[in-house]
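A.B. asks: For the sequence shown, UniProt numbering gives the first residue as 1, with consecutive numbering after it.
Structure in structure tokens, see below.
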Amino acid sequence: MPRGDKSSYTDKQKRQAEHIEEGYEHRGVPEKEAERRAWATVNKETHGGKKSGSGRGTEEDHSPSRKGGRLGGAASAKRPAAEKSRSAKKAAQTRKRRAA
């Protein structure tokens, strides 16, 4: 089996990777990097391929997803309240200007 071959993955795993990849791309991560990260997350959660003959039957570990969710917004939380407020006011002003 060549490197990068996804034939030993179930449809569910492929779907999971696709959803995770879309999330990364939405956040501005380049396409190839998003795909790499998505499959790394699926592998960490499901412990690799799940099809027959690939060690089927291991439990899924959702801690990588939980970790990602917890880390989300950390950069925003570090910013001072005044800076966040200024940014929000500026965004509101821009939206108002573009709507008119």
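Every residue gets a Cβ at the ideal spot worked out from N, C-alpha and C, and that includes glycine.
Taking contact to mean at least 3 C-beta pairs separated by less than 8 Å, is the segment 38-52 in contact with the segment 8-17?
C.D. replies: The answer is yes - the segment 8-17 touches the segment 38-52, with three or more Cβ pairs under 8 Å.
A.B. asks: Using the beta-carbon count (16 or more within 10 Å), is A34 buried or exposed?
C.D. replies: When all chains shown are included, A34 counts as buried.
A.B. asks: Below 8 Å between beta carbons: does that hold for E22 and E31?
C.D. replies: No, these two residues do not count as a Cβ contact at 8 Å.
A.B. asks: For A38, count the other beta carbons within 10 Å of its own beta carbon; 16 or more makes it buried, fewer makes it exposed. Which is it?
C.D. replies: Counting Cβ neighbours within 10 Å, A38 comes out buried, since at least 16 surround it.
A.B. asks: Specify the secondary structure class of H47 as computed by DSSP and reduced to three states.
C.D. replies: Looking at H47 - three-state DSSP - the assignment turns out to be coil, as it is neither helix nor strand.
A.B. asks: If you draw a straight line from the alpha carbon of K50 to that of D11, how long is it in whole angstroms?
C.D. replies: Those two C-alpha atoms are separated by around 10 Å.
A.B. asks: Mark T41 as exposed unless 16 or more other C-beta atoms lie within 10 angstroms of its C-beta, in which case mark it buried.
C.D. replies: It is buried - the Cβ of T41 has at least 16 other Cβ atoms within 10 Å.
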